[in-house]
Amino acid sequence: MVFRSIQAIISFLTIIPGQKSSDTDLNSVANMMHFFPLAGLIIGCITGGLAYGISLYLQPLIIGFVVTTALVLITGLHHTDALADFADGLMTKGEKITKHNAMRDPAVGSAGVMAVALYVAGMIIAISSFHHGIKLLSSIVAAEVTAKFIMVMQAHMGISAWDGFSSPFTSAMKDKRKILVATVLSIPIIWFTGSGYFGILALGVSLAIAALIQHFSNKSFGGISGDVMGASNEITRLASLIVLSAMMS
């Protein structure tokens with residue numbers, strides 16, 4: 035059952051084929067959101083394994099570029115697109131409906147372009163700053179699990195700004211047993227892959243950033259949305275890698 039749940043979640047979060055679409059509708063995935071950290075573990079192992087393999091042959095900046103590209107592609111650009119939409123909505127002046135329309139606009143605005151450019155540059159720099167392949171691998175795993183746990187926490191703590199993509203997730207994650215499962219799954223993985231206290235520090239920084247994102251989202255949109263959670267995934271992944279890089283060096 036857990037294996038099928040993780041398989042469905044990975045299929046939802048990435049371009050990796052999984053179960054049939056009828057088995058992975060939005061409500062079903064939302065009900066299994068507490069297993070997101072395990073999906074993060076698998077995604078982290080795939081991209082971290084790639085990072086370790088090419089670190090034996092390539093220069094740091096090239097490694098950063100290749101791994102960042104791999105992360106963006108394996109997630110199907112969904113979260114990167116969410117980051118752009120979130121930035122556009124946040125920077126648009128006006129009422130809630132105006133900001134909502136800006137986020138739904140398929141054309142990416144200047145705020146979205148700048149947010150994605152800064153994110154990509156930050157990821158390349160952060161990844162290239164690791165000088166040991168094993169530390170890079172473990173840090174990518176810790177950062178990915180942290181990013182997925184942040185999404186779970188936001189769904190647990192937040193309310194949907196409007197009836198849409200985020201609604202099933204915020205509804206399903208109000209169950210305290212599910213947030214307990216997500217926490218119990220995440221903390222040990224982050225501790226061991228993030229070199230103990232360094233990993234917990236990265237998690238703490240990510241939680242603080244997520245709280246700020248949620249605060250501004252509540253103020254601007256009246257709650258969170260799928261784009262807010264996707265943007266938080268990208269931003270906290272980068273924040274975790276920056277903290278781990280600084281601490282491990």
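So for the sequence shown, my numbering puts the first residue at 35; every next one is plus one. C-beta: ideal position from N, C-alpha, C; glycine also.
*Please report the Cβ distance between Ser251 and Gly257, rounded to the nearest whole angstrom; I am assuming they are in contact, meaning their Cβ atoms lie under 8 angstroms.*
Indexing the sequence shown from 1 puts residue 251 at position 217. Indexing the sequence shown from 1 puts residue 257 at position 223. Contact flag correct, Cβ pair sits at about 7 angstroms.
*Comparing alpha-carbon positions, which option in Ile96, Ser39, Met281 and Ile80 lies nearest Gly230?*
In the sequence shown, counting from the first residue as 1, residue 230 sits at position 196. Answer by Cα proximity: Met281.
*Taking the C-alpha atoms as reference points, what is the distance between Ala236 and Asn267?*
Position 202 of the sequence shown, counted from the first residue, corresponds to residue 236. Position 233 of the sequence shown, counted from the first residue, corresponds to residue 267. Cα to Cα, the separation comes out at about 14 angstroms.
*Unbroken stretches of the alpha helix (DSSP H), 4 residues or longer, contained in the segment 73 to 115*: 94 to 108
*Smallest Cα separation from Ile174: which of Ile40, Met66 and Cys79?*
Here residue 174 is taken as the residue at index 140 of the sequence shown, counted from 1. Of the candidates Ile40, Met66 and Cys79, the one whose C-alpha sits nearest the C-alpha of Ile174 is Cys79.
_What would DSSP say about Ile258, mapped onto helix, strand or coil?_
For the purposes of this step, residue 258 is taken as residue 224 along the sequence shown, with counting starting at 1. Note: Ile258 maps to strand in three-state DSSP.
*To the nearest angstrom, report how far apart Ser274 and Val101 are at their CA atoms.*
Mapped onto the sequence shown, residue 274 falls at position 240. Mapped onto the sequence shown, residue 101 falls at position 67. Near 15 angstroms, if we compare the C-alpha coordinates of Val101 and Ser274.
*What whole-angstrom Cβ distance do Phe232 and Leu278 have, given they're in contact under 8 angstroms?*
As a working note, residue 232 is residue 198 in the sequence shown. As a working note, residue 278 is residue 244 in the sequence shown. At roughly 6 angstroms, the Cβ-Cβ gap stays under 8 angstroms, so Phe232 and Leu278 are in contact.
*Proximal residues to Gln248 (C-beta, below 7 angstroms), its chain only, five neighbours per side dropped*: Working through the sequence shown from its first residue, we reach residue 248 at position 214. Contacts found: Gln188, Met191, Gly192 and Ile258.
*Rounded straight-line distance, which links the Cα of Thr270 to that of Ala244*: Translated into positions along the sequence shown, residue 244 becomes position 210. Translated into positions along the sequence shown, residue 270 becomes position 236. Using only the alpha carbons, I get a separation of about 7 angstroms.
*asked:* For Pro71, which residues in the same chain have their Cβ closer than 8 angstroms to its Cβ, ignoring the five residues on either side in sequence?
replied: On the sequence shown, residue 71 is found 37 positions in, with the first residue counted as 1. Here the set comprises Val179, Lys182, Phe183, Val186, Ala216, Leu219, Ser220 and Ile223.
*Nearest-angstrom beta carbon gap, Trp196 and His134 [assumed within contact, 8 angstroms]*: The residue labelled residue 134 in the question sits at position 100 within the sequence shown. The residue labelled residue 196 in the question sits at position 162 within the sequence shown. Going by Cβ atoms, the distance from His134 to Trp196 rounds to 6 angstroms, so yes, they are a contact pair.
_Can you tell me whether Ser266 is helix, strand or coil according to DSSP?_
Translated into positions along the sequence shown, residue 266 becomes position 232. DSSP places Ser266 in helix when its eight states are reduced to three.
*Could you give the DSSP three-state label for Ser163: helix, strand or coil?*
As a first step, residue 163 must be located in the sequence shown, where it is residue number 129. Three-state result, Ser163: coil.
*From Ile96, Met66 and Ile40, residue whose alpha carbon lies closest to that of Ile77*: As a first step, residue 77 must be located in the sequence shown, where it is residue number 43. Cα-wise, what sits closest to Ile77 is Ile40.
*Should Asp122 be labelled buried (16 or more other beta-carbon atoms within 10 Å of its own) or exposed?*
Stepping through the sequence shown from its first residue, residue 122 is reached at position 88. Buried, since its Cβ has 16 or more Cβ neighbours within 10 Å.
*Which of the three DSSP states, helix, strand or coil, is assigned to Ser200?*
Here residue 200 corresponds to residue number 166 of the sequence shown, with the count starting at 1. Residue state, collapsed to three classes: coil.
*Leaving out five residues before and five after Ser254 in sequence, what residues of the same chain have Cβ atoms less than 8 angstroms from its Cβ?*
Position 220 of the sequence shown holds residue 254. Hits under 8 angstroms: Gly123, Leu124, Lys130 and Lys133.
*Are the beta-carbon atoms of Val262 and Phe120 separated by less than 7 angstroms?*
To locate residue 262, count along the sequence shown from 1; it is residue 228. To locate residue 120, count along the sequence shown from 1; it is residue 86. Cβ atoms of Val262 and Phe120: closer than 7 angstroms.
_Contacts around Val63, its chain only, beta-carbon distance under 7 angstroms, and the 5 residues preceding and following it disregarded_ = In the sequence shown, residue 63 corresponds to position 29, counting from 1. Answer for Val63: Ala42, Ile43 and Phe46, listed in chain order.
*Looking at C-alpha atoms only, which residue of Ala116, Leu272 and Gly198 is the closest neighbour of Asn61?*
By 1-based counting over the sequence shown, the position of residue 61 is 27. It is Gly198 whose Cα lies nearest to the Cα of Asn61.
_What does the alpha-carbon distance come out to for the pair Thr114 and Met67?_
For the purposes of this step, residue 114 is taken as the residue at position 80 of the sequence shown. For the purposes of this step, residue 67 is taken as the residue at position 33 of the sequence shown. One C-alpha to the other measures close to 20 angstroms.
*Grab the span of the alpha helix (DSSP H) containing Met137 for me, first residue to last.*
Stepping through the sequence shown from its first residue, residue 137 is reached at position 103. Counting along the chain, the alpha helix (DSSP H) containing Met137 begins and ends at Lys130 to Arg138.
*For Ser89, I'd like the list of residues in its chain whose CB is within less than 7 angstroms of its CB, leaving aside the five on either flank, ordered along the chain.*
Here residue 89 corresponds to residue number 55 of the sequence shown, with the count starting at 1. The residues are Ile97, Gly167 and Leu170.
*Please name the residue, chosen from Leu214, Ser194, Phe99 and Gly110, that lies closest to Met157 on a Cα-to-Cα basis.*
Taking the sequence shown and counting its residues from 1, one reaches residue 157 at position 123. Minimum Cα distance to Met157 is reached at Phe99.
*Roughly how many angstroms separate the alpha carbons of Gly128 and Ala136, rounded to a whole number?*
As a working mapping, residue 128 is identified with position 94 in the sequence shown. As a working mapping, residue 136 is identified with position 102 in the sequence shown. Roughly 10 angstroms between the two C-alpha positions.
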